[in-house]
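Novice: Structure provided below as structure tokens; questions to follow.
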Amino acid sequence: MLEALVISQVILWIVVIALSAIVMALVRQIGVLHERVAPMGALTIDHGPKIGEVAPVFELAAVGDAGKIRVGASDANGKGTLLMFVSPTCPVCKKMIPIVKSVAKESEKFIPVFASDGDEPEQERFARENNLAPYPLVLSRELGTTYQVAKLPYAVLIDANGIVRAKGLVNTREHLESLIQAEEFGVASLQDYLKDRVASEKMAAGNGQRKHHGQIR
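Taken in order, the sequence shown gives residues 2 to 218; the numbers are from the numbering used here.
Pasting the structure below:
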């Protein structure tokens, strides 16, 4: 009887140790997955004016009664410009419009300017149906060509000094916010920031291990 009890206790401890090892392995895998699914920013397409360069200045007529809009110029009031390329035929663009307006109100660092091209009556209808006001919609094929916009919706963040700070395809709120974060961190994109941070952490860990080994010796 005593022997059977001892054997059962040994088996129980073996099971506990095995389960502990499995839990540790799962925790490690969760950490790896978390690193792999780190927040992805807007997809930056390296065409047109580069990040860090002075944005080209355009003076364009806005749809409706908004008059002329200077796109890319520095702003004396300290406000940047979020140049948002959209189209009446782009369903994702329509989804992003209220998100752009919401993020702009929260940030208060930039003013959205929507950009498109094509038939003006159609663009006016597009502006009304999607409540673009109070933000302007400018029409210019040259503007899109200059920034080499091939897919929509596409955003370019220009700071108050007229410098291109971030740009990319924006299909979600997270993509749009990543441009603002990139500008705040002073990096070209959120992906670059994450890569630099991971590299710094690995370097710090490597230096710590070398220091530890040196002390042991």
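No residue lacks a Cβ here, since even glycine has one placed at the ideal position from N, Cα and C.
1) Apply the 10 Å Cβ neighbour rule to residue 179 and answer buried if 16 or more other Cβ atoms are within range, or exposed otherwise.
2) Taking only the alpha-carbon atoms, compute the straight-line gap between residue 88 and residue 106 and give it to the nearest angstrom.
3) So, are the CB atoms of residue 53 and residue 149 less than 7 Å apart?
4) Excluding the 5 residues preceding and the 5 following residue 157 in the sequence, name in chain order all residues of the same chain whose CB lies nearer than 7 Å to its CB.
5) Compare the C-alpha of residue 135 against each of 187, 67, 8, 59 and name the closest.
6) Going by DSSP, which residues form a beta bridge with residue 81?
7) Smallest Cα separation from residue 1: which of 152, 75, 163?
8) Using alpha carbons as the reference points, say which of 162, 90, 183 lies closest to residue 80.
9) Tell me, to the nearest whole angstrom, how far the beta carbon of residue 118 is from that of residue 141; I am working on the premise that it is less than 8 Å.
10) Among 115, 159, 75, which one has its Cα closest to the Cα of residue 184?
11) Quick check on DSSP: helix, strand or coil for residue 133?
12) Within a Cβ cutoff of 7 Å, which residues of the same chain sit near residue 125, ignoring the five residues on either side of it in sequence?
13) Does the beta-carbon of residue 101 have 16 or more other beta-carbons within 10 angstroms, so that it is buried, or is it exposed?
14) Given a cut-off of 7 Å on the beta-carbon distance, is the pair residue 138 and residue 111 in contact?
15) Once the 5 residues before and after residue 60 are set aside, which same chain residues still bring their CB inside 7 Å of it?
16) Using three-state DSSP, classify residue 117 as helix, strand or coil.
17) Using a 10 Å radius around the Cβ and a threshold of 16 neighbouring Cβ atoms, would you call residue 73 buried or exposed?
Specialist: On the basis of the supplied data:
1) Looking up residue 179 in the sequence shown gives position 178. It is buried - the Cβ of residue 179 has at least 16 other Cβ atoms within 10 Å.
2) Sequence index remark: in the sequence shown, residue 88 carries index 87 (1-based). Sequence index remark: in the sequence shown, residue 106 carries index 105 (1-based). The alpha-carbon atoms of residue 88 and residue 106 are separated by roughly 22 Å.
3) Within the sequence shown, residue 53 is the residue found at index 52, counting from 1. Within the sequence shown, residue 149 is the residue found at index 148, counting from 1. Inclusion of residue 53 and residue 149 in the CB contact set at 7 Å is not warranted, their separation being larger than that value.
4) The residue labelled residue 157 in the question sits at position 156 within the sequence shown. Beyond the five residues adjoining it in sequence on each side, residue 157 comes within less than 7 Å, by CB distance, of 84, 148, 165, 168 in the same chain, given in chain order.
5) On the sequence shown, residue 135 is found 134 positions in, with the first residue counted as 1. For the residues 187, 67, 8, 59, the minimum Cα distance to residue 135 belongs to 67.
6) Within the sequence shown, residue 81 is the residue found at index 80, counting from 1. Answer is 111, bridged to residue 81.
7) Residue 1 lies beyond the residue range present for the chain, which begins at 2 and ends at 218; the question has no answer from this structure.
8) For the purposes of this step, residue 80 is identified with residue 79 of the sequence shown, where counting begins at 1. The shortest C-alpha to C-alpha distance from residue 80 to any of 162, 90, 183 is the one to 162.
9) As a working note, residue 118 is residue 117 in the sequence shown. As a working note, residue 141 is residue 140 in the sequence shown. Residue 118 to residue 141, Cβ: 6 Å. Contact.
10) Taking the sequence shown and counting its residues from 1, one reaches residue 184 at position 183. Out of 115, 159, 75, the CA that lies nearest to the CA of residue 184 is found in 159.
11) The residue you call residue 133 lines up with position 132 of the sequence shown. Look at residue 133 here: in three-state DSSP terms it is coil, with no helix or strand label.
12) Within the sequence shown, the letter at position 124 stands for residue 125. These residues qualify, in order along the chain: 64, 65.
13) As a position in the sequence shown, residue 101 is number 100, starting the count at 1. Buried is the call here.
14) Along the sequence shown, one-based indexing puts residue 138 at 137. Along the sequence shown, one-based indexing puts residue 111 at 110. Against a cut-off of 7 Å, the Cβ pair of residue 111 and residue 138 comes out as no contact.
15) Position 59 of the sequence shown, counting from 1, holds the residue named residue 60. Once the five neighbours on either side are set aside, the close Cβ partners of residue 60 are 69, 71.
16) For the purposes of this step, residue 117 is identified with residue 116 of the sequence shown, where counting begins at 1. Here residue 117 sits in strand by DSSP.
17) As a working mapping, residue 73 is identified with position 72 in the sequence shown. With 16 or more other Cβ atoms within 10 Å, it is buried.
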